[in-house]
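Residues 13 to 290, numbered by my numbering, are exactly what the sequence shown covers, in order.
What follows is a short report on a single structure.
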Amino acid sequence: MSLSFTKMHGNGNDYIYINCFEETVENPSDLSVRLSDRHFGVGGDGIVLIMPSEAADVRMRMFNADGSEGKMCGNAIRCVGKYAYERGLCKKGTISVETASGIKTLYLTVNNNTVESVRVDMGAPVLEPSKIPVLSDEIIDVPVKTEFFDTPLTCVSMGNPHAVMFTQGIDAFDLEKIGPLYEKNRIFPEGVNTEFVEVIDDKTLKMRVWERGSGETLACGTGACAVVVAAILKGYVKRNRDIRVKLRGGDLIVRWDDETVWMTGGAAFVYDGRLPTE
């Protein structure tokens, strides 16, 4: 027996997608660890299961490279929308996706039956410390000291907890050493995704990200949204305006309007494959 999969990426944030309308995955956590290994597996930041849903058009479950399950992934959900449309699971320009952090609505830009970009209603940011969660009375300028930095953080949840640091010289940072100090800091009881951000101008931000459970990735959709929310709260950029977020894998456009956060970006097919189940 063998298991079919599809490799896709959003701005270089690559996952292994499995169509659970047709396939059965017994232990997705172990499978994610095995397949995500870039030397002995397929290689990726994790796996994504595309499943039937009673509440939406499709359901998405995402597992990080370490086997932990994530509640939401902005780059992966765009790829789910592309897959669902192009493979005929849901042939609509607007698709609803059930995630562990709620139902998200996707608006597809389609050309010649190919999804070129996806705009996602990511919902309102969570700004209450206990719901992010972070052990602090505030979310802006939260003091977290490590051996490398004592720069305060701004904390936001976009379905996943994020801690945003505004600083300079991020290209030179050794995130392999720096990232785990924040991910596993006791102030974040569920761990945290950490974004290191440079403000380029009032419409452009540049970031690198250390994701809990995956390490540094080329892009993070929920992270880009959290960065824009944090930048607005700090007064670096304005609300109700498209903000370009420059990531190592490409750019995302994020807007925080009066009701929700919108994220727009591409989704790319890489290849289909099959692998033995044992």
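Using N, Cα and C, we set each Cβ at its ideal position, and we do this for glycine too.
Since the model is a prediction, treat every value here as computed from it, not as a measurement.
Apart from the five residues just before and just after residue 257, which ones in its own chain have a Cβ nearer than 7 Å to its Cβ? 217, 219, 236, 239, 240, 263, 264 and 266
C-alpha distance - residue 153 paired with residue 162, whole-angstrom precision: 11 Å
Around the Cβ of residue 255, are there at least 16 other Cβ atoms within 10 angstroms (buried) or fewer (exposed)? buried
Beta-carbon proximity of residue 27 to residue 56, cut-off 7 Å: For residue 27 and residue 56, yes; Cβs fall inside 7 Å.
N-terminal and C-terminal residue of the beta strand (DSSP E) that residue 119 is part of: 114-123
Simplified DSSP state of residue 59, which is helix, strand or coil: The answer is strand: DSSP assigns residue 59 an E or B state.
Here's a check: name, in chain order, each residue in its chain whose Cβ is nearer than 6 Å to the Cβ of residue 260, leaving out the five neighbours to either side. 230
For residue 167, which three-state DSSP category applies? strand
Can you give me the start and stop residues for the beta strand (DSSP E) that residue 27 sits inside? Per DSSP, the unbroken beta strand (DSSP E) holding residue 27 starts and ends at 25-31.
Reference residue 75, options 223, 180, 281 and 283, closest by Cα: 223
Rounded to a whole number of angstroms, what is the C-alpha to C-alpha distance between residue 117 and residue 32? 20 Å
From what residue to what residue does the alpha helix (DSSP H) around residue 88 run? 86-98
Under 8 Å by Cβ, that's how I've got residue 232 and residue 123 pegged, so tell me the actual separation to the nearest angstrom. Going by Cβ atoms, the distance from residue 232 to residue 123 rounds to 26 Å, so no, they are not a contact pair.
Taking the C-alpha atoms as reference points, what is the distance between residue 181 and residue 221? 14 Å
Pair within 7 Å by beta-carbon distance, residue 70 and residue 62: yes
Taking the straight line between their C-alpha atoms, what separation do you get for residue 250 and residue 286? 47 Å
Whole-number beta carbon distance between residue 89 and residue 111, since they are thought to touch under 8 Å: 7 Å
Pop quiz: residue 82 and residue 279 are said to be a contact at Cβ under 8 Å. What is the actual Cβ separation, rounded to whole angstroms? In fact, because the Cβ distance is near 17 Å, the residues do not count as touching under 8 Å.
If you count every other CB in all the chains shown that lies within 10 Å of the CB of residue 47, and 16 or more means buried, which is it? buried
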